[in-house]
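As structure tokens, the structure follows; a few thoughts come after it.
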Ligand code: ADP
Ligand code: MG
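In the working numbering, the protein residues as written are 442 to 1140.
Listed below in structure tokens is the structure:
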């Protein structure tokens, strides 16, 4: 056995050479024998089973049939030219067709000789055919009695004979070599507990199984292994943070919190809000740095929880910062917070893109001296040159909008790290949260404040716009306000922008006659103009606000009760949910009207249907996850956490949970992984540190 065998450069593998090696490197990132065998098949074609023609049904995958080809002829000309034959077994006959390589195939076919054909049956003009079947003449028995792995390959690979079969052959050259061995990574007791085969056997099971259960065994082992080490990394990171990062000890609740709570709280807190606040208080009192994700559906009342947490920080002689993803939202927070805390004598400042240079300098000075207790702003501004005297808490609103590195930048400059509370209204399923934010603690406001009336959501085709206009008029005449959103996904998109402007002009004609006031807000406007419009809307001086998704997150105007979304088929599910969350914030019945063209895709239909069926952000998030996959959700992709080769944290949830429980158990008994039985885990981590550097933090 040679330990270095697997580290051999791929070009030295039998059947590779310098040209194919280059293609493997570029297309699949395969540099060594080890990389190659870690390129796992994603499914198998069962070539152990032979079907008969009368068994064929439409939903069949690739199948094989045994029989004879009774005739073959070229038909059609030019582009429609094809080769058509008849394949027959004891139970019937089926057409076989080729569109390419016709000359070569004609030559290779022997009529009336027994063969096995292999392909996917499809229904064409009411009868089945198989396009481009593979043919094996039955003397080649060795090939027909196998499970055939399917690997993902690219056109470039195929053009170098590295199709699924080619890859499989190369992998065979590695795992059938007498020098092949695979160092075990999991402790024996874990292998036994989960009934996993050794790593070496598992490679054979996954790449060259003789039946389906061998394949599943191999696949499960590698999925487990991948998720196990993902969980180990996350858990040890959390442990390390708890042990090494010093946090402020906020031991007292004092004047600011108590006075506010007693005298200025605009409403009584819901039980869910109280519960979360308790968790935050307890966390900040320990001396461990808080790193907490606060989940709560749109409108669940996260802002007040954030403010109370900030007041605790101020009670303990530190400063607080609140970051928002948009200027509109930062301004809203600033106005809301200065208003409700006006009796406390706090100094609160707002720092955004429109803050003048002179003003910014002044603010920076008063932050540095400690005179300003609360800073609210957009993330871009709260960076390098803003230095706090003593930063006790950072609250990040709508956290999924921030880059990972960007966030850490804010507090890395301080010796004692501030407590961090990140808030998101885009709930994500528990398992995903555990993985993506695994080193964060999670609090959840599970219930909306009472008295809310569920929003009514309907889907209407755009040819019924006039009815909608009538409805809007009746709502406006009752004193309610309306959001009217146009899709402008990329603010630079010219035709979208034109639609917005045309739409606005049209609405002015429709509603202007009734002396209703309309305004428009979009990303190309100057911040000052946006501000002015939002203020008028908030004060009820605008009846109908035409807008783009600039109002998507956070905006809070409780009197607005109708949300109309044009071309709703173009929005993502969580975006629709966010937009809808702008209404239903008061005690009145609110409505969300999703307009779409008549012809929309099935996926779009599903999204819109989901919106009309539920108001629950968690259900929406689950469905979104199914429709889009985890990679597109939130900042999951940028976190790099999901660069998984074989496991899928959604589909393999049971394996994820199993591995996670095992990891928790292991670290409970052996937090430093210093016991002999855990030496393989320790080695794996040390190795990884050498090759990948230290694991960067998530939040
Ligand atoms: P989100 O969680 O979406 O950020 P907000 O904090 O903006 O929600 O709160 C939504 C609305 O609900 C606001 O108008 C807020 O004043 C109100 N609100 C929050 N908590 C309560 C409560 N306990 N009782 C009544 N209204 C509340
Ligand atoms: Mg909010």
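Glycine included, C-beta positions come from ideal geometry on N, C-alpha and C.
(message) Can you look up residue 824 in the DSSP assignment and give me helix, strand or coil?
(response) coil
(request) Evaluate residue 755 with the Cβ neighbour count: other Cβ atoms within 10 Å of its Cβ, from every protein chain shown; 16 or more gives buried, anything less gives exposed. (result) buried
(message) Please classify residue 750 as buried or exposed, where buried requires at least 16 neighbouring CB atoms within 10 angstroms.
(response) buried
(message) I'd like to confirm something about residue 995: is its beta-carbon nearer than 6 Å to some heavy atom of ligand 2, or not?
(response) yes
(message) Tell me whether residue 1058, by its Cβ, gets closer than 6 Å to a heavy atom of ligand 1.
(response) no
(request) Can you say whether residue 1037 is buried or exposed, counting buried as having 16 or more other CB atoms within 10 angstroms of its CB? (result) buried
(message) Which of the three DSSP states is assigned to residue 534 in this structure?
(response) strand
(message) Please report the distance separating the alpha-carbon of residue 1093 from that of residue 708.
(response) 43 Å
(request) For residue 714, collect the residues of the same chain with a Cβ closer than 7 Å to its Cβ; drop the 5 residues on either side in sequence, then sort them by chain order. (result) 742, 745, 746, 886
(request) Could you spell out the range, first to last residue, of the beta strand (DSSP E) harbouring residue 1057? (result) Where residue 1057 is concerned, there is no enclosing beta strand (DSSP E), given that its DSSP letter is neither H nor E.
(message) Do residue 740 and residue 1011 count as a contact pair if the criterion is CB distance below 7 Å?
(response) no
(request) Rounded to whole angstroms, what's the CA-CA distance from residue 683 to residue 676? Just pull it up for me. (result) 11 Å
(message) Am I right that residue 670 and residue 726 are in contact with their C-beta atoms under 8 Å? What's the rounded C-beta distance?
(response) That belief does not hold up - the Cβ atoms of residue 670 and residue 726 are roughly 34 Å apart, past 8 Å.
(request) Compute the Euclidean distance between the alpha carbons of residue 617 and residue 820, then round it to the nearest angstrom. (result) 55 Å
(request) Grab me the residues of residue 595's own chain with a C-beta within less than 6 Å of its C-beta, minus the 5 sequence neighbours each way, in chain order. (result) 468
(request) Taking 7 Å as the cut-off, decide whether the C-beta atoms of residue 711 and residue 890 are in contact. (result) yes
(request) Jot down the residue ranges of each uninterrupted alpha helix (DSSP H) in the segment 517-571, minimum 4 residues, whole runs only, in chain order. (result) 543-549
(request) Return the bridge partner residues of residue 484 from the DSSP annotation. (result) 591
(request) Take the Cβ of residue 813 as the centre, count every other Cβ of all protein chains shown within 10 Å, and call the residue buried at 16 or more, exposed below. (result) buried
(request) Pick helix, strand or coil for residue 885, following the three-state DSSP scheme. (result) strand
(message) In the DSSP output, which residue or residues are listed as bridge partners for residue 717?
(response) None; residue 717 has no bridge partner.
(request) Please go through the same chain and pick out, in chain order, the residues whose beta-carbon is closer than 7 Å to the beta-carbon of residue 997, but skip the five residues on each side of it. (result) 773, 1026
(request) Identify, in the order they occur along the chain, each residue of the same chain with its Cβ nearer than 7 Å to the Cβ of residue 539, setting aside the five sequence neighbours on each side. (result) 523, 524, 546, 573
(request) Have a look at residue 935 and residue 852 and give me their C-alpha separation to the nearest angstrom. (result) 39 Å
(request) Output yes or no for whether 7 Å exceeds the beta carbon distance between residue 817 and residue 770. (result) no
(message) Within 8 Å, do at least three Cβ pairs link the segment 798-811 to the segment 776-783?
(response) no
(message) Rounded to whole angstroms, what is the Cα-Cα separation between residue 789 and residue 828?
(response) 16 Å
(request) Taking the CB atoms as reference points, tell me whether residue 1141 and residue 895 lie closer together than 7 Å. (result) Nothing about residue 1141 can be reported from this structure: the residues present for the chain run from 442 to 1140 only.
(request) Apply the 10 Å Cβ neighbour rule to residue 1053 and answer buried if 16 or more other Cβ atoms are within range, or exposed otherwise. (result) exposed
(message) Based on DSSP bridge pairs, tell me the residues matched to residue 858.
(response) 688
(request) Examine ligand 3 and report whether any of its heavy atoms sits within less than 6 Å of the Cβ of residue 744. (result) Absent from the structure shown: ligand 3. Ligands present: ligand 1 and ligand 2.
(request) Check whether the Cβ of residue 741 lies closer than 6 Å to any heavy atom of ligand 1, and answer yes or no. (result) yes
(message) My output table needs one value for residue 725: the three-state DSSP class, helix, strand or coil.
(response) helix
(request) Put residue 573 into one of helix, strand or coil per three-state DSSP. (result) coil
(request) Indicate the three-state DSSP secondary structure (helix, strand or coil) for residue 1002 in the structure shown. (result) strand
(request) Using a threshold of 7 Å, state whether the C-beta atoms of residue 893 and residue 1002 are closer than that. (result) no
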